[in-house]
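Notes for the one structure printed next.
Protein chains in written order, with the working numbering: chain A, 9 to 487; chain B, 6 to 258.
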């Protein structure tokens, strides 16, 4: 089919019974019903899913992009984006990759095979035999325990009853502008279901990492932990990823039933743009967990070092009595990065408790905002919250801002909030240097000390990556 | 006479104000030199100048360590070469584990000297042996560097660092301030343990109290940015009795 016709198609010139050629790998820019139909067909989705997508699109079309965050960026032209592209074309060898990215892989200690995958080098299947077999072993082990761990597209086809029950149950399709957009156009993502009483036998991370290449612009993740189940899920990885999409709008929904626990860790290192704010990813994410059952727990840990713009508030709705929500965050903004991030803890059940530990680090021209809401409902007798928001400034061109919001309908609720802003002082640096520690090592030592409470929440291997990543991110931002 | 550190006609400013005005001082290997002087004479500026503190601008003269000028050396290089300052007010660094910090510092020095680095277990053994001697609790291993330490704990921690890093020139800036008698004893014991006939000490102090515990070989009187008198330990008594006003300037200073 000629491009011209396609253009006409998506611009609405052909309104009657037109279908986009299914053999096409990329749809032209623009977003309308035909685009959605195309995506749904490409994904071989059932009719009900297409209907949900179209409903989301309709809602999105009536909504406006929010601008309450402490962020400034050029407007996004949603009609200039292509909403479906087949997996990216691989490149022939690592020689074609930006040497800066390779240097970063080197410093993060990423193996050559994995470097190739991350960078998008075409690798013959037998060359990654190791990873493939590892993956197979994983799947067998998981199957034995009845754990479902698959792509969201597979889940829509294979487990429609679970998807219909839980998708949009935590983040409604029209929850916000970016969530509605995602609901209409999502193409990638993960589904996890842990059955009753099962403690997931492994961290669900390596698998995802191997598939990092296929994670896309509009990811959608759904994790359900049934009664008494436990899972620790690690998203993303510290390696910088080659990505040409500027807008990312992901949605993550977590559900925990009675006595269940989900621990969700993220390392986000998308392209941050340059020091003048040119380029870089716009990262607009909606992450929310529902502690549906009594005594359940959801814990978010995030290390955010990438993206030009970050708009992200992983939240917990504490519905079950005695349920627990946690948010541990390190957000770094350097170069000209801006982050507006934080959490919402909504206490609905009795004796619910939440903990918020947020560490913002700003360097160069970075702007870092913590925005958090603690809401205690009228039935949430005995609810407790502890919040700690600390900011660390490196240099004098960066900024830190804190916006804690509090709504309490229960007079007995206990809420504690502490906030500090500090600078890496010359005095601290000098002290360490007088003991023979180089200036660069001294800075990273002070920064690690600052982030300690959050890093200690990460799975061991991840914590090591996070530390290395932090060092790399702040390299050259002092002096 | 052998000299390990030689300060020759040093002029130094803090901000716009000249504090050191042609200071001369020689430290001999294995000796304890005490610097005494009234408030504002430039005692702390002298210690800062030697370690290359960012507050100080050297405007004239020369500081030579083992015969080499260190005027242009970075603070960490001076430290790696063996110059140690026990700070008057050690700064708190939250979240940085005390043992981790000290091991990093020691291994930086060992690398610099071409020695093998110590692993965590080896280092802990070393640290524990010193903790006991200084009467420090074992939680000093895991606590954050100086965070929430009492005055006495901070000073003991400075001495602990000195014992572990084994420097050659040791500057003790008001090590005795804010110490009770037990802490003073423990700190002095640590210092005396380092006296091996090769290391040199520069003890900067307001009071003669510490000098009862660490016997000095020389007393230098610092006044208005210059050393105006150098004598033996007997000078302490005169200072105690008659004060700094009674001191007559050596013609040689």
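Just so you know, even glycine gets a beta-carbon here, dropped at the ideal spot from N, CA and C.
Computed from a predicted model, the values in this text were never measured in an experiment.
Residue i versus residue j: straight-line alpha-carbon distance, rounded
i	j	result
residue 78/A	residue 177/A	29 Å
residue 73/B	residue 79/B	14 Å
residue 296/A	residue 197/A	15 Å
residue 314/A	residue 474/A	12 Å
residue 40/B	residue 107/A	55 Å
residue 205/A	residue 394/A	30 Å
residue 65/B	residue 29/B	12 Å
residue 68/A	residue 41/A	12 Å
residue 82/B	residue 286/A	39 Å
residue 399/A	residue 450/A	18 Å
residue 167/A	residue 386/A	37 Å
residue 171/B	residue 244/B	32 Å
residue 353/A	residue 325/A	6 Å
residue 111/B	residue 202/B	22 Å
residue 150/A	residue 239/A	12 Å
residue 189/B	residue 34/B	25 Å
residue 93/B	residue 181/B	9 Å
residue 406/A	residue 483/A	16 Å
Environment of residue i [buried if 16+ CB atoms lie within 10 Å]
i	result
residue 186/B	exposed
residue 101/A	exposed
residue 80/A	exposed
residue 279/A	buried
residue 305/A	buried
residue 327/A	buried
residue 339/A	buried
residue 62/B	exposed
residue 91/B	buried
residue 274/A	buried
residue 284/A	exposed
residue 267/A	buried
residue 76/B	exposed
residue 227/A	buried
residue 87/A	exposed
Beta-carbon gap between residue i and residue j smaller than 8 Å
i	j	result
residue 85/B	residue 54/B	no
residue 401/A	residue 370/A	yes
residue 84/A	residue 290/A	yes
residue 311/A	residue 39/A	no
residue 205/B	residue 174/B	yes
residue 488/A	residue 71/A	One cannot answer for residue 488/A here, as it falls past the ends of chain A, which runs 9 to 487.
residue 397/A	residue 413/A	no
residue 116/B	residue 123/B	no
residue 453/A	residue 466/A	no
residue 220/B	residue 138/B	no
residue 42/B	residue 48/B	yes
residue 459/A	residue 320/A	no
residue 155/B	residue 99/B	no
residue 174/A	residue 261/A	yes
residue 168/B	residue 209/B	no
residue 182/A	residue 64/A	yes
residue 242/A	residue 211/A	yes
CB contact below 8 Å: residue i versus chain A
i	result
residue 110/B	yes
residue 149/B	yes
residue 203/B	no
residue 58/B	yes
residue 71/B	no
residue 37/B	no
residue 171/B	no
Test: residue i CB closer than 8 Å to a CB of chain B
i	result
residue 336/A	no
residue 471/A	no
residue 434/A	yes
residue 465/A	no
residue 368/A	no
residue 449/A	yes
residue 365/A	no
residue 460/A	yes
residue 453/A	yes
residue 394/A	no
Same chain, Cβ closer than 6 Å to residue i, neighbours up to 5 away in sequence not counted
i	result
residue 265/A	234, 235, 300, 301
residue 256/A	225, 289, 291
residue 333/A	306, 324, 326, 353, 362
Close beta carbons around residue i, own chain, < 8 Å, minus the five adjacent residues each side
i	result
residue 471/A	463, 464
residue 56/A	168, 172
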